[in-house]
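Novice: Numbering-wise, the numbering used here puts 477 at position 377 of the sequence shown, and it's gapless, one number per residue.
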Amino acid sequence: MKGFFDTRLEFLKGVGPQKSALLNKELEIFTYGDLIQYYPFRYEDRTRFYIIKEIDDQLPNVQIKGILKNIEIVGGGSRKRLVAHLRDSTGTIELVWFKGIKWVLKKLQPGVTYLVFGKPTRYGKKINLVHPEIEVFTSSHEGPGYLQPVYHTSETLKNRFLDSKAISKLQKQLLTIARSRISETLPAGLMTELGLTSKADALWHIHFPQDSSKLNQARFRLKFEELFYVQLRLLKLKLARTEKFKGKIFKETGLINEFYYNHLPFQLTDAQKRVIREIYADLKSGNQMNRLLQGDVGSGKTIVAFICMLAVIGANAQTALMAPTEILAEQHYRGLEPYARRLGVEINILTGSTKKSTRIILHEQLLNGSLKILVGTHALLEDKVQFKSLGLAVIDEQHRFGVAQRAKLWSKNKNFFPHVLVMTATPIPRTLAMTLYGDLDVSVIDELPPGRKTIETVHRYDQNRLKVFGFVRRQIAAGRQIYFVYPLIEESAKMDLKHLQDGYESISRAFPEVPVSIVHGKMKSKDKDYEMQRFVKGETRIMVATTVIEVGVDVANASVMVIENSERFGLAQLHQL
């Protein structure tokens, strides 16, 4: 049965079918409930009155009370503008309009006290307000003020008189009649314990906050409720998965001990040891492991995964390690193959480039159980790839794979569900969501191996380019290698950004004696791999690339990465680079 909040928006007074259709199309607002949950994206502070002498162009929007003095039209043609002067006891400020001059002129009267709101800008030595909001000052403005909500809208809506203020009026009209109908959705004890405001008050104050304190209370309450129920749902799913998906028990430690005492060429950090204990506890628990291993680049996630693989292999089961790119898969394979060989463990690699004849042999080895570690890319998900007994699936840079792909890897076993370990160097938003909300158990390697240097990040403006090039030249002279990363491959008419083609030409001119590799997403896979391998082998000293290298190239000799237009990258991308 539909309730009050499912009522179609057209039935709200002042809306009607035509405006409702526009709000449906432009903002996806269909019902009363949709409108109430269409929150402001920012607020304008109308709680403070500025005096004119304290206004400068560094301030955000300001609110001023003053008497309107002379009004005049200045210039002609495209430079025509309306200029008025507002005065208070401390000085005078210019108000300027370039559009709607006739309408504004009819609205203004010299000698009247006005309330003005706008962004201060500087023109020469003068401070002015361009196209400010202006209205006659009345007794209703004498109160403590308020925070004005600002809603996202569109040009189409503005042209039909549905701007931010119009949406705000609709919100007030609806919430006035709906406030008493809003039911509480959180337990009373929890609200008392956490000091949460009621849902009705939260929804009112998110739209019409009296001050920042009320706004913060409303935001906290609504965010808490959303996360609370998401977490409850995921916890329920996790408990159901624990009961439904039983994991095979792996207690074997013989191979682990042999590797640890006879073949491990370095000491594990305390963080690595702790994480291994956590994973091993999952492997012998009888429940399917579904764990996230998070650690910065160089923290030793792969060796931790390998040691845990040995517990599974020691019980005569198989393991798989899936990476998002061929380069990264090959890097894992080269790193693990010497260890596996010393232990007598069969390991191989499967990618899109693997020949058909080799694939046939791999498929046979997987089915008869002789192949214990298979490293690969998405090729591992092919239907033809079937294991005799897959005990542990490790997924590197898991944010590059979808949930469906991870589930497909689970289905490689008919007898039991394999344990799953996903790894990432970057706590990107979706990963953070999964970990914070409880879908995955979390292990964190929060310690780098001894002697590993921390990464130094600096910001430089374009005028410092020659200094940056000088630093790069000194690094190359010292035998190091350099990355230059660009947000675009080619010049864009819409975005004024540095692009890879121009960067390649610029760097080739600046470093004519230095061999350069170029890598981007439009290259054929074999050409891209060829260029990457040249850089890996040290045949080139500079790599010019897009974020195609975000996951992949491990070159210990590379000491500097220059990222052009870094503001165009997300924090996760910058961290991963």
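Cβ coordinates follow ideal geometry from the N, Cα and C atoms, glycine included.
Three or more C-beta pairs under 8 angstroms: does that hold for the stretch 472-490 against the stretch 401-421?
Specialist: Taking 8 angstroms as the limit for Cβ pairs, the verdict is that the stretch 401-421 does touch the stretch 472-490.
Novice: Out of Glu446, Ser298, Thr147, point me to the one whose CA is closest to Pro244's CA.
Specialist: If we check each option's Cα against that of Pro244, Thr147 comes out closest.
Novice: What is the rounded straight-line gap between the Cα of Asn665 and the Cα of Phe571?
Specialist: Their Cα atoms are separated by approximately 19 angstroms.
Novice: With the cut-off set at 9 angstroms, would you say Leu490 and Lys512 are in Cβ contact?
Specialist: Contact: yes.
Novice: What are the boundary residues of the beta strand (DSSP E) that includes Gln581?
Specialist: Taken as a continuous stretch (DSSP letters only), the beta strand (DSSP E) holding Gln581 covers 581-585.
Novice: Measuring CA to CA, which of Ala405, Lys299, Asp396, Leu410 is closest to Ile555?
Specialist: Comparing Cα positions, the closest option is Asp396.
Novice: So the beta strand (DSSP E) Ser543 belongs to, where does it begin and stop?
Specialist: From DSSP, the beta strand (DSSP E) with Ser543 extends over 541-545.
Novice: If you reduce the DSSP assignment to three classes, tell me which class Asp301 lands in.
Specialist: Helix at Asp301.
Novice: So for Val115, helix, strand or coil by DSSP?
Specialist: Here Val115 sits in coil by DSSP.
Novice: Does DSSP put Gly570 in a helix, in a strand, or in coil?
Specialist: The answer is helix: DSSP assigns Gly570 an H, G or I state.
Novice: When we look at the beta-carbon of Phe104 and count the other beta-carbons within 10 Å, is it buried (16 or more) or exposed?
Specialist: Flag for Phe104 reads exposed.
Novice: Inspect the CB distances between the stretch 246-266 and the stretch 303-314 and report whether three or more fall short of 8 angstroms.
Specialist: They touch, by the three-pair rule.
Novice: Is Glu325 near Lys351, with beta carbons less than 9 angstroms apart?
Specialist: Going by C-beta atoms, Glu325 is not nearer than 9 angstroms to Lys351.
Novice: Apply the 10 Å Cβ neighbour rule to Ile129 and answer buried if 16 or more other Cβ atoms are within range, or exposed otherwise.
Specialist: That one is buried.
Novice: Of all the options Glu446, Gly452, Pro438, which has the alpha carbon lying nearest to the alpha carbon of Ala429?
Specialist: Measuring from the Cα of Ala429, the nearest candidate turns out to be Gly452.
Novice: Could you check whether Phe516 and Lys346 sit closer than 9 angstroms to each other, using their CB atoms as the reference points?
Specialist: Yes; because the gap between Cβ atoms is below 9 angstroms, this pair is in contact.
Novice: Using three-state DSSP, classify Lys226 as helix, strand or coil.
Specialist: Residue state, collapsed to three classes: strand.
Novice: Just verifying my parser: in three-state terms, what is the DSSP assignment at Ile151?
Specialist: Note: Ile151 maps to coil in three-state DSSP.
Novice: Only counting the same chain, and skipping five residues up and downstream in sequence, which positions put a Cβ closer than 6 angstroms to that of Lys219?
Specialist: Asn161.
Novice: I'd like to know whether the C-beta atoms of Val585 and Thr524 end up nearer to each other than 9 angstroms.
Specialist: It is not a contact, given that the beta carbons lie outside the stated cut-off.
Novice: Going by beta carbon distance, what residues of the same chain come within less than 7 angstroms of Lys384, once the five residues before and after it are set aside?
Specialist: Hits under 7 angstroms: Ile349, Phe350, Lys351.
Novice: Please classify Gly400 as buried or exposed, where buried requires at least 16 neighbouring CB atoms within 10 angstroms.
Specialist: Burial call: buried.
Novice: Compare the C-alpha of Pro549 against each of Lys373, Gln486, Arg377, Gly398 and name the closest.
Specialist: Cα-wise, what sits closest to Pro549 is Gly398.
Novice: With H, G and I counted as helix, E and B as strand and the rest as coil, what does DSSP make of Ser385?
Specialist: Here Ser385 sits in coil by DSSP.
Novice: Can you have a look at Lys119 and say buried or exposed, based on whether 16 or more other CB atoms are within 10 angstroms of its CB?
Specialist: Classification of Lys119: buried, given that the 10 Å Cβ count is 16 or more.
Novice: Any chance you could list the alpha helix (DSSP H) runs of at least 4 consecutive residues sitting entirely within the stretch 427-494, in chain order?
Specialist: 456-468, all fully within the stretch 427-494.
Novice: Which one of Ile495, Leu521, Gln431, Ile356 has the shortest CA to CA distance from Arg442?
Specialist: The residue with the shortest Cα to Cα distance from Arg442 is Ile356.
Novice: My assumption, with CB atoms under 8 angstroms, is that Phe182 sits in contact with Leu205. Please give the rounded CB distance.
Specialist: The amino acid occupying residue 182 in the given sequence is Leu; Phe does not appear at that position. Right, their Cβ atoms sit about 6 angstroms apart.
Novice: Ignore the nearest five residues each way along the sequence and tell me which others in Thr190's own chain have a CB closer than 7 angstroms to its CB.
Specialist: Answer for Thr190: Ile151, Ile152, Lys153, listed in chain order.
Novice: Quick check: what's the CA-CA separation for Lys624 versus Leu368?
Specialist: C-alpha separation (whole angstroms): 39 angstroms.
Novice: Count the other CB atoms within 10 Å of the CB of Ile461; is the residue buried (16 or more) or exposed (fewer)?
Specialist: It counts as exposed.
Novice: From the DSSP output, in three-state form, read off Glu71 for me.
Specialist: Residue 71 lies beyond the residue range present for the chain, which begins at 101 and ends at 677; the question has no answer from this structure.
Novice: Compare the Cα-Cα distances from Arg281 to each of Asp156, Glu293, Asp301, Asp263 and report the closest residue.
Specialist: The option with the nearest alpha carbon to Arg281 is Asp301.
Novice: Would you tell me roughly how many angstroms separate the C-alpha atoms of Arg530 and Leu436, rounded to the nearest one?
Specialist: Its pLDDT being 49, under 50, Arg530 is placed unreliably in this model, and the coordinates cannot settle the point.
Novice: Apply the 10 Å Cβ neighbour rule to Met101 and answer buried if 16 or more other Cβ atoms are within range, or exposed otherwise.
Specialist: Confidence at Met101 is low in this model, with a pLDDT of 42, below 50, so its placement is unreliable and the value that follows should be read with caution. The residue is exposed, with fewer than 16 neighbouring Cβ atoms inside 10 Å.
Novice: Can you list, in chain order, the residues of its chain whose CB lies under 7 angstroms from that of Arg135, leaving out five sequence neighbours each side?
Specialist: The question names Arg, yet the displayed sequence has Leu at residue 135. Closer than 7 angstroms at the Cβ level, and outside the excluded window around Leu135, lie Leu109, Ile129, Leu270, Gln271, Leu274.
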